[in-house]
Each structure stands twice: as structure tokens, then as C-alpha cells.
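For the sequence shown, position 492 (counting from the first letter as 1) is numbered 1067 according to the working numbering, and the numbering increases by one without interruption.
Even for Gly, the Cβ is constructed at its ideal location relative to N, Cα and C.
Model, not experiment: these values are computed from the prediction.
Here the structure comes first, spelled out in C-alpha cells, and everything after it is commentary.
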Amino acid sequence: MSSSGSQSIQSVLKETRTFAPPATFSAEAHIGSQQQYDAMWKRAKDDPAGFWGEMAENLDWFRRWDTVLQGQMPETQWFVGGKINASYNCVDRHLLGPHRNKAAIIWEGEPGDTRVLRYQDLHREVCKFANVLKKLGVQTGDRVTLYMPMIPELTIAMLACARIGAVHSIIFGGFSSEAVADRNNDARARVVVTADGGWRRGKEVPLKAAVDTSLDKCPTVEKVVVVRRTGGEVDMVPDRDFWWHELMESVTADCDPVPLDSEHPLFILYTSGSTGKPKGVLHTTAGYLLGTTMTSRWVFDLKEDDTYWCTADIGWITGHSYICYGPLSNGATVVMYEGAPNWPDEGRFWEIIEKYRVSIFYTAPTAIRAFIKWGDQWPEKHDLSSLRLLGSVGEPINPEAWMWYHKVIGQERCPIVDTWWQTETGSIMISPLPGVTATKPGSCCRPLPGIVPDIVTRDGQSLGPNEGGLLVMRQPWPSMLRTLYGDHERFKKTYFSEVPGCYFAGDGARHDEDGYLWVMGRVDDVLNVSGHRLSTMEVESTLVAHSKVAEAAVVGFPHEIKGEGICCFVTLKSGEGDEALKAELVQHVRHSIGALATPDQIRFATALPKTRSGKIMRRLLRDIAAGRESTQDTTTLEDLSILAKLRSDEE
Ligand code: WTA
């Protein structure tokens, strides 16, 4: 292994290529040596309370905790007795010194308009919007839905909720009005904050109109606040709907942060599971904030003069943790961009990096695959020399894409951190440390301090090197989810019943002889489309809700850009399917769930392959969708002729 990134060793076997961090990077890093990492990891494993108690000194508390960790998984509580406020930690504490004039958010809209909020500007706006929420009757513990474009008001609204102890539930702007209604109702939201619209590929995404449609079905929602972003036409319902800018004029900028219990809920974020409706993952204040604060420092190695850009939408956990709470708690400068990467052309991201001298860039494999497809000429047009660190999240990154990222974007200079984590884990769990880890393309490498993963069989037996199994966590960590909102039984069943004594959230993995982790993907019926989790079951239920559909089975298949594409096998109640019906079903799914669930293939079948006990044989369908010869055992298949029929129907 070399000690310099530019002298990385390449062998013919992909798996043995390693890339050691440049010595200059290690010398400056927060965690800079293997010894330091080993000592931290061991200390945290042997004495979690001692370790995390020490880490918690990095946050500002109104009252110190009495007990660091109480209880066992799944019923753990962290920093019991402590009083804290996330908005204080992300904003107020940076006003005490020279940071008050540092840029907190450098924002760029898709049309090219820009705004910079210094920490003291952010403080003023957060305080004012917290007062607006209070004026609308929002109290500590109430749920507020945020359905907004990527504009600074979204971060402001999050922190304003946190300031008064209201629980935010952010719904990604790509979801449909039906998805908004479901989530509003599940969370029993009292207030919705939205915008007239947002810009995406030059078109206006009409958010307020979607909220209006959803509210017919949402009895708990009393008030709607609307940011004027696009200037598009909206209907304002008197006494229900208010303009953000008008409300902001009616309040002062004085609003003390409420000292909240460590375990006070901070937010709910809905994510897909293999069965039933979306799960409202609930995170609490102190543990989540500690996890995101420390991992931002360890993994992104945030420094005073960094300009940090995470390209996720705040509507996903990556945006919550690594656009808002983690970096802001560290007093970082965060770049935020509203729109699409290929608007007005495929060079937009590289233009932004050059323009703001971005030093840390965090994106997703699906985006990287799109960049590769668009061609090297786009990044080559821009000066990317400000970059010093690259990150990836959302799905396994193919070694080929990793190499491209390393060469073309990182110019063989920047370490890559491939970060494995989940909505449920709150913060990064397994990742290289950029100043320590010799990375291997495609591996998320080693667990962070305080994280104790294992690869096991269904009955909890640890597996040896290169034996594939279930990825579990053997010890609790501060930023883990505490419950599924309104359904604690489902929480226990989903994450803690599969493997005795462990947290399990659905991924298969192996570790190699060096202890590096290789995530192999989901083992449940969850698709990973463009790095976003979608339940096959939800798409199936949506299809079956269509009047012409009798039965549907949805499976993923390899997709060049999206990672996984969505293939729907559909049997009709009567008659034959045609192209018009295919188009109708695609629209139906888009309308019910949102554009991200758009099926890539609809295949009509006279019947679906089932076992004798009536279970749809999905693995078989996966092979068919991928155009693979099936190696599956078909001896349990009820009617073999169905298979021949499905294959002959292939497009
Ligand atoms: C997958 C996103 C491999 C994994 C933060 C996980 C990954 C799911 C990686 C969580 C990675 C995320 N390598 N797989 N670096 N990061 N995943 O909740 O299957 O949207 O369970 O959180 O994405 O997706 P979620």
C-alpha cells in the first residue's frame, strides 16, 4: 500500500486495488492515523457510555445529562436528564465569536439567482419563523409538515421547529398529493409549510396546488404557510393559507430556544418498508444531533475554511443530516442548490464547484453514473482544483463508477468516502475516514467509532470473511431511530425481531479478510431507485387499486443510471393490455406515489408464476425482468407454462 493517493497500487483484480490517503491529508485530518482510529473504536466498543459522554462535550447543553445510556436495544435512551436545543447548537452558538459573519448557507436557485445567509442572518430568520409558528398556534410536540423546494426557507423552517420543540416531517417535493395526504394524516400534522412551486429543469413544480388537493383528506391540518418562490398562480384559502413573507413581517426576531429533553422528538421522516404503509422513522434531539455532528467532523473532516456541498434533497435523510444538522452544528459553510444537475446543461454541478470553490462534495452513485454517461467533457470544462474530499451515499457504488469519480472529479488527489447508513441510523455508520483508511473501490470499509456491526446468519451466528449474510448492529448508538411514529410494535418487529439481540434493517453484506465491509444490497422487497428506497408492495397496491388490474408483482432490474429500474408484471381483470393502458398505468403510479416511482416496464401477463401455496415467485420474475436465464429452482412452481408465456412476451 502506498502512502500517497497519486501512487495508488492497481492490480488486475478489482478487489485488491487500494488507495491510501495522501500523507498531507492525513497530517491535517481530525482523525489522522490508524492507531488513533483503532484506539477510538476499541474505547467506544468497550465503554460506550464513557466514549459518547466525552463526545457530547462537543454540544452545548442547557443542563448536563445524568445518564449517558439507559436501557438496551430496542428501548434505549441517551443523555437522560439532559436539556438541549438543536437550533441553538446549529445557529446561536456560532454567534458568540467571529463565526457570526461566516456564511452558513450559500444558496443557488436553478434559474441562477443566489443568496448567502451568514450565521447571524440564519439566526434572525429562524427566530422569526419560530415566532410565526407560535403565532399560528404551534406548540412543543406538534407536528409540522414541510413540503418545499430546496430553498433556504426549508432549512430555516426545520430549525424554527427545532427551536420550539415542534416535530418536523419533511416530504420530498417529488411526492404526489396523495403521498402528502397519507403522511399528514399519519403524523397528524397541524401546519404545512410549502411554496408556490420550485424550479426543476426549467419547469415549475407546483407544490401549493398539490397541498391543496391533499388537504381535502387531511382534517388535522389547520394552517398553510406559502413561500413565494416561482411567482406562479396559487389559490389562497382565507384564514387557512398565509404568505411566508407577510407573516415574517408581523413578528420580532427575539425567540429563546426552548430547553428540551434529550429524548424530545426532533423529526419524523417517512421511508419505505417491505410491507404496509410508509414507516414514520422518529429521531430524537440529543443523540441524533451528536451522531450527525461527530460524523460530519470525522468523515467529512470539516475544517474552518471548507466549502461543503451535499447534493441530496433535504427531503431525504441525507439532506436532514448532512445539509442541515451535521454541518451547521459544526459551523460549516454549506452550499445548497435548488435544481437539476443537467440544467441548463450537464456542466451545472461542475460550474457550481468552480464558482464557489467547493472543497467537499457529497453525492450519490446514481448521479455519478449519469455524469459518466454525459461525458468527461463537462467536468473538464471547469476548474475543480478546490476539491479535497469526495463522498458517496445511497447505494453500493460500482467499482467502475468509483474509479471514474476518483480520476475525473477527484483528479486522483481526493480521498473518497463511501458512506453506508440509513434513514433509521440517522448518521453515517460505516465509512472510510479520509485521513486514515486505504480505500477499496466499492467497499464502505470500516465502522466508525461507536458502531459495532456484524455479518450474521438468520439465527445470529457471526460469519467469517467473504461469507455473505445479514448486516446487523450489535450495540446501540446515539442517533438510532427510537420508534416508528404511532406504531412501536412495528418498530420492534421490523428492526429487532429478525436477528435476536441485534438491529437489522434489511441489507446483505460480507466482510473481506481485512475486515472491510461490502454491502450487497437489500434482502427485503425494497427497491433502491436512484438511491431512494421504494417498496415493491406500495407500487403493487397502487397498481391493484386501478380498476382494470387484477394482480400485480413489482420487481427491480439492473438499470444503467437508476441502479434499479421498476418492472411491473400485471394481470388484468379482463381483456388484453395495450400500449394505451400501459401509459395509463404508468401515469396512475406517478400520480399516486410520485415521479420517482415511475415504472420503467409494464408487462401484461395472463397469470403470475406462483408456488403451490400461492406465493408469487419474485426471484423468477426478477430474472425475467433482467432478461437473465433463470437459475432458480422451479420445482415448486404451480404452472410451468406461465413461465414460458412470460418469457415469450419479453420486449
Ligand atoms: C443503501 C440513505 C451501499 C442500503 C442514507 C441502505 C448503501 C439504504 C449505501 C438506506 C452505501 C446507503 N453502500 N448501500 N454507501 N448507502 N445504502 O434510508 O441498502 O434512504 O439500507 O438512507 O440505502 O437508504 P436510506
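Around the C-beta of glutamine 585, are 16 or more other C-beta atoms found within 10 angstroms, so that it is buried, or is it exposed?
Residue placement at glutamine 585 is flagged as unreliable, the pLDDT there being 35, under the threshold of 50; the coordinate-derived value follows with that caveat. Glutamine 585 is exposed by the Cβ-count criterion.
Does the beta-carbon distance from glutamate 728 to tyrosine 912 come in below 7 Å?
In this structure, tyrosine 912 does not lie closer than 7 Å to glutamate 728 by Cβ.
Quick check on the DSSP output: the beta strand (DSSP E) that includes tryptophan 636 runs from which residue to which?
Segment: none, tryptophan 636 is in no beta strand (DSSP E) and carries neither H nor E.
Have a look at serine 976 and serine 967 and give me their C-alpha separation to the nearest angstrom.
As written in the sequence, residue 976 is alanine, which differs from the serine given in the question. Rounded to the nearest angstrom, the two C-alpha atoms are 11 Å apart.
Which residue spans inside the region 1135–1209 form an unbroken beta strand (DSSP E) run of at least 3?
Segments of the beta strand (DSSP E) lying fully in the region 1135–1209: 1138–1147 and 1176–1179.
On a Cα-Cα basis, can you pick out the residue from Leu864, Asp787, Gly806 and Asp836 that is closest to valine 812?
When only C-alpha atoms are compared, the closest one is Asp787.
Below 8 Å on the Cβ atoms is my contact criterion, and I expect aspartate 831 with glycine 807 to pass it. Report the Cβ-Cβ distance as a whole number of Å.
About 37 Å; that fails the 8 Å criterion.
Following the continuous beta strand (DSSP E) through tyrosine 1078, name the residue where it begins and the one where it ends.
Per DSSP, tyrosine 1078 belongs to the beta strand (DSSP E) from 1078–1086.
To the nearest angstrom, how far is it from the Cα of isoleucine 1026 to the Cα of valine 909?
Whole-angstrom Cα-Cα distance: 27 Å.
Please report the distance separating the alpha-carbon of tryptophan 785 from that of tyrosine 900.
Here the sequence assigns alanine to residue 785, which means tryptophan is not the residue at that position. Alanine 785 and tyrosine 900: Cα-Cα distance of roughly 28 Å.
Three or more C-beta pairs under 8 Å: does that hold for the region 1146–1157 against the region 971–990?
Segments in contact, no.
Rounded to whole angstroms, what's the CA-CA distance from threonine 941 to threonine 994? Just pull it up for me.
Computed Cα separation, rounded: 14 Å.
Residues bridged to threonine 689 by DSSP?
In the DSSP output, where bridge partners are listed per residue, threonine 689 has Glu683.
As a quick exercise: from Phe936, Ala764, Thr1012 and Trp627, pick the residue whose alpha carbon is nearest that of cysteine 736.
It is Ala764 whose Cα lies nearest to the Cα of cysteine 736.
Any heavy atom of ligand 1 closer than 6 Å to the Cβ of arginine 1108?
Checking every heavy atom of ligand 1 against the Cβ of arginine 1108, one is found closer than 6 Å.
Taking the C-alpha atoms as reference points, what is the distance between tryptophan 949 and leucine 1171?
Going by the C-alpha atoms only, they are around 21 Å apart.
Quick one: Cα of methionine 1133 to Cα of serine 1105, how far?
It should be noted that the sequence gives proline, not methionine, for residue 1133. Proline 1133 and serine 1105: Cα-Cα distance of roughly 11 Å.
Can you tell me the Cα-Cα spacing of serine 578 and arginine 675, whole angstroms?
In this prediction, serine 578 scores a pLDDT of 36, lower than 50, which makes its location untrustworthy; no coordinate-derived value is stated.
Closest by CA to glycine 862, which one among Lys617, Trp627, Trp925 and Thr730?
Among Lys617, Trp627, Trp925 and Thr730, the Cα nearest to that of glycine 862 belongs to Trp627.
Say the cut is 6 Å; is the CB of glutamine 610 nearer than that to a heavy atom of ligand 1?
Not under cutoff, so the answer is no.
With a threshold of 16 other CB atoms inside 10 Å of the CB of glutamate 838, please say whether the residue is buried or exposed.
Counting Cβ neighbours within 10 Å, glutamate 838 comes out buried, since at least 16 surround it.
Thinking tryptophan 918 and arginine 804 are a contact (beta carbons under 8 Å), I'd like their distance in whole angstroms, please.
Incorrect: roughly 16 Å between the Cβ atoms, too far for contact.
Would you decide whether histidine 981 is buried or exposed? Buried here means 16 or more other CB atoms lie within 10 Å of its CB.
Looking at its Cβ environment, which holds 16 or more other Cβ atoms inside 10 Å, histidine 981 is buried.
Consider the C-beta atom of glutamine 647 and the heavy atoms of ligand 1; say whether any pair is separated by less than 6 Å.
Result no, Cβ not under 6 Å from ligand 1.
If you check the beta carbons only, do proline 1051 and threonine 651 fall under 7 Å apart?
Yes, these two residues count as a Cβ contact at 7 Å.
In chain order, what residues of the same chain lie with their CB nearer than 8 Å to the CB of aspartate 761, ignoring the 5 residues before and after it?
For aspartate 761, where only same-chain residues beyond five positions count, the Cβ hits under 8 Å are Tyr845, Lys852, Pro853, Gly855, Tyr1060 and Gly1061.
Would you mind sorting threonine 593 into buried or exposed? The rule is 16 or more other CB atoms within 10 Å of its CB.
Classification for threonine 593: buried.
Where does leucine 864 sit, in a helix, a strand or coil, going by DSSP?
Helix at leucine 864.
Please give me, in chain order, every unbroken run of the beta strand (DSSP E) with length at least 3 that falls completely inside the region 850–904.
Listed in chain order, they are 854–859 and 882–885.
Is it buried or exposed for aspartate 560, if we count other Cβ within 10 angstroms and need 16 for buried?
Because the chain spans 576 through 1226 in this model, residue 560 falls outside it and cannot be assessed.
Examine ligand 1 and report whether any of its heavy atoms sits within less than 6 Å of the Cβ of proline 971.
Checking every heavy atom of ligand 1 against the Cβ of proline 971, one is found closer than 6 Å.
Please report the distance separating the alpha-carbon of proline 686 from that of alanine 915.
Distance between the alpha carbons of proline 686 and alanine 915 is about 10 Å.
Determine the extent of the alpha helix (DSSP H) in which lysine 783 is found, giving its start and end residues.
Where lysine 783 is concerned, the enclosing alpha helix (DSSP H) stretches over 782–790.
Could you give the uninterrupted runs of the beta strand (DSSP E) lying entirely in the region 975–1012, keeping only those of 3 residues or more?
For the region 975–1012, whole beta strand (DSSP E) runs of length 3 or above, ordered along the chain, are 991–994.
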